[in-house]
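**Q** I have a structure here, written as structure tokens, and I will follow up with some questions on it.
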Amino acid sequence: MNATFTLLEMRRITRDWAGMFFTAVLPSFFYLIFGATVAAKDETIGNGNVAMYVMISMAAYGAVTATTSIGGNAAVERQQVESLADFSSLALEEPRV
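In the working numbering, each residue carries its 1-based index in the sequence shown increased by 132.
The structure is reproduced here in structure tokens:
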């Protein structure tokens, strides 16, 4: 993969504020509400505590949301390219008088 292409894709993704909100801000907010401030955050579960499990769950939520968002964007881009292909044949025809 090209480094320039990767940089352009990262810029494109960060321009979408709605996507960034649901991918990064919302899971962080949920962790602060449900993981860091609950009274049971220090109770042990297995080898960790409740706050750790909530943090991992919110990270998984963000990863799934990002993956779904990228897949949806790829489908929209592909549909836009296919719709352009339909009109490309018109540009090759000679003008009719």
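We treat Cβ as the ideally placed atom computed from N, Cα and C, and that holds for glycine. None of these values were measured; they are calculated from a predicted model.
1. For T155, collect the residues of the same chain with a Cβ closer than 8 angstroms to its Cβ; drop the 5 residues on either side in sequence, then sort them by chain order.
2. Considering only residues of the same chain and omitting the five flanking positions on each side of F162, which have a CB-CB separation below 7 angstroms?
3. To which residues of the same chain is F166 closer than 6 angstroms at the C-beta, ignoring the five residues directly before and after it?
4. What is the rounded straight-line gap between the Cα of A150 and the Cα of A168?
5. Where do the ends of the alpha helix (DSSP H) carrying T136 lie?
6. Using beta carbons (cut-off 7 angstroms, strictly below), is D174 in contact with chain B?
**A** Reading from the atomic positions:
1. One-based indexing of the sequence shown puts residue 155 at position 23. Contacts found: G194, T197, A198, S201.
2. By 1-based counting over the sequence shown, the position of residue 162 is 30. The residues are M190.
3. Here residue 166 corresponds to residue number 34 of the sequence shown, with the count starting at 1. The answer, listed in chain order, is V186.
4. The residue given as residue 150 occupies position 18 in the sequence shown. The residue given as residue 168 occupies position 36 in the sequence shown. Taking the straight line joining both Cα atoms gives about 25 angstroms.
5. Counted from its first residue, the sequence shown places residue 136 at position 4. T136 -> alpha helix (DSSP H) spans 135-147.
6. This model lacks chain B altogether; it includes just one protein chain.
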